[in-house]
Every structure is written in C-alpha cells, then in structure tokens.
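**Student:**
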Amino acid sequence: GLANYVSVLRMPSGRVIHDGLLLDPVWWRAVWNTVRFAMVSVTCETILGMVVALVLNAEFPGRGIVRAAILIPWAIPTIVSAKMWQWMLNDQFGIINVVLINLGLIDTKIAWTASADTAMAAVLIVDIWKTTPFMALLILAALQLLPREIIEVARLDGANPWQIFWRVTLPLIRPAVMVAVIFRALDALRIFDLIYVLTPNNAHTKSMSVFARENLFEFDKFAYGSAASTLLFLVLALLTILTIRVGRISLEGGR
C-alpha cells in the first residue's frame, strides 16, 4: 500500500519515525545512479552512433563486411558481455590492467569494478561499447532513406560537408534520431543485468532495477520491492510522455 512509499510511525515514547521508499536514501542513491548512467550512456551512444552511421553510409570497399562486423558487440548477449568484461577488468589477471601498465598509463593494478571512483565508468564503457551499434543501425536506416537529390543540390550550391550535415541531413533524420534516443533512454533507465553481473553489491552503481530485485529476493521485502518496481514503471511512463512532447514527435515518427 501507500505505507510502503511514505509512512509515519508514532512510538509509545512519543517519538515519530518517518519511513518508506520515498524517504529511503538508498533508493534515491539508486535513482541518481540510474539517471546518471542513462544521461551519459545515451548521450555518448547517440554521438558515436551518428559518427558510425555516417561512416557506414559512405561508399567504400568492404562496406558490407564492416556493417556486419560493427553489429557483433550488440549481438552478444548482455550477460556474456558483462562476464567477458568482468574478466578483462579483473584487478588480478585482467588484460586491461596489463595493457595500461605496459603502456605506462598506470603504475598499479586497479580494481575497476570495485572501486568507488571507477565502477560507474567501467559500467558505462561496457554499455557504450555494446549499445553504440544499435544506435548506429537505427540512424543508418534513416540516412539511407534520405533522397540523394537533396544532398546533390546542396553540394552544387557550394555547401561543405559540415553544412550539409548540420543544415540538411540532421534536420531530415531528426525524428528518427529522437525515436532512437527515446528507445535507448527507456532501455537505459531500466538497466539491470549489466550492473548486476559486472558490479554486484556496489552502492556506487546500484540502479533502480537492482534495488527492486535486491529487496524482493535478497531481503524478502516483497511489498517494498514491488513499490520500487511500480515507481520505476511510473518514472519510465512519465519520461516517455515528456520526451515525446518536448521533442514534438508523434507516434508515427512525424515532427
């Protein structure tokens, strides 16, 4: 019930205790972790996805092979990717530390997924590596639907590549990019498996989904975990509506 969100308990001694999900600092820490993760990951993946899509949209030998290869990180199941990177980032035998030490970039081995300073960065790097191809694929599909005549006319008018991209290409693919950002943002806000496998029991990366699962199955606080899950759903629904309104994107993808 609502008592799982906010409750007021009056003790026999007269002391008043305020409790509930909305007053739980651990929950709000998970909210901040989730929002920070979503903002950074979606921004980086959109920018990198745009760059990759523009490259793949160009004509060059072996373009088909490159297009197929670029999708490999996205095709790998998230659990497999998380375990693979967990081994690579291990502070004892991980290859990342070995390479960085040999290059002289660090002096000692770093516990990337356990340290408070690097855990979130490690999660972000893995997620960006895995999901950038997804964004690139969606943006590439939009680029290939653009009429070539418009680009040619802009070139004949003397526009340089940057002007063509900024004034012609980007406005035309903006609805598709906005839809891709919405999909990716919703996916990022419900992040669970990558964080759960890569950085287990780490308060610095715990997301809202991990918080809900932790209370449901590890602490046996079913009502509390269900309240967290419900609140996560409401947050996702609200952000979806706001994003569509702000971006002026209709359900059909029109502006």
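Per the working numbering, the sequence shown runs over residues 14 to 268. Just so it is clear, CB atoms sit at the ideal spot from N, CA and C, and this is done for glycine as well.
#1: Can you find the residues in the same chain that come closer than 8 Å, C-beta to C-beta, to R49, ignoring five residues on each side of it along the sequence?
#2: Pick helix, strand or coil for A95, following the three-state DSSP scheme.
#3: Around the C-beta of A129, are 16 or more other C-beta atoms found within 10 angstroms, so that it is buried, or is it exposed?
#4: Should T212 go down as buried or exposed, given a rule of 16 or more other Cβ atoms within 10 Å for buried?
#5: Using the Cα positions of V155 and L249, report the straight-line distance between them to the nearest angstrom.
#6: Could you tell me whether any Cβ in chain D is nearer than 8 Å to the Cβ of L116?
#7: Are the Cβ atoms of D206 and T91 separated by less than 8 Å?
#8: Give me, in chain order, the residues of the same chain whose beta-carbon lies closer than 8 Å to that of D104; leave out the 5 immediate sequence neighbours on both sides.
#9: Would you call the CB atoms of E58 and M191 closer than 8 Å?
#10: Please classify I119: does DSSP put it in a helix, a strand, or coil?
#11: Note down, in chain order, each residue of its chain lying with its Cβ closer than 8 Å to the Cβ of R168, except the 5 sequence neighbours on either side.
**Tutor:** If we stick to the structure as given:
#1: The residue you call residue 49 lines up with position 36 of the sequence shown. M133, listed in sequence order.
#2: For this step, residue 95 is matched to residue 82 along the sequence shown. In the structure shown, A95 sits in a helix (DSSP, three-state: H, G or I).
#3: In the sequence shown, residue 129 corresponds to position 116, counting from 1. Burial call: exposed.
#4: Counted from its first residue, the sequence shown places residue 212 at position 199. Under this definition T212 is a buried residue.
#5: Taking the sequence shown and counting its residues from 1, one reaches residue 155 at position 142. Taking the sequence shown and counting its residues from 1, one reaches residue 249 at position 236. In the sequence as presented, Val is not what sits at residue 155; that position holds Ala. If you take the alpha carbons of A155 and L249, they lie about 25 Å apart.
#6: Absence of chain D from the displayed structure is noted, only one protein chain being present.
#7: Your numbering for residue 206 matches position 193 in the sequence shown. Your numbering for residue 91 matches position 78 in the sequence shown. Result yes, Cβ atoms of D206 and T91 sit closer than 8 Å.
#8: In the sequence shown, residue 104 corresponds to position 91, counting from 1. Within the same chain, D104 has close Cβ partners N110, K122, I123, A124, W125, A127.
#9: Here residue 58 is taken as the residue at index 45 of the sequence shown, counted from 1. Here residue 191 is taken as the residue at index 178 of the sequence shown, counted from 1. No, the Cβ-Cβ distance between E58 and M191 is not below 8 Å.
#10: Taking the sequence shown and counting its residues from 1, the one referred to as residue 119 is at position 106. Reduced to three states, the DSSP call for I119 is coil.
#11: Residue numbering aside, residue 168 sits at position 155 when the sequence shown is read from its first letter. These residues qualify, in order along the chain: I177.
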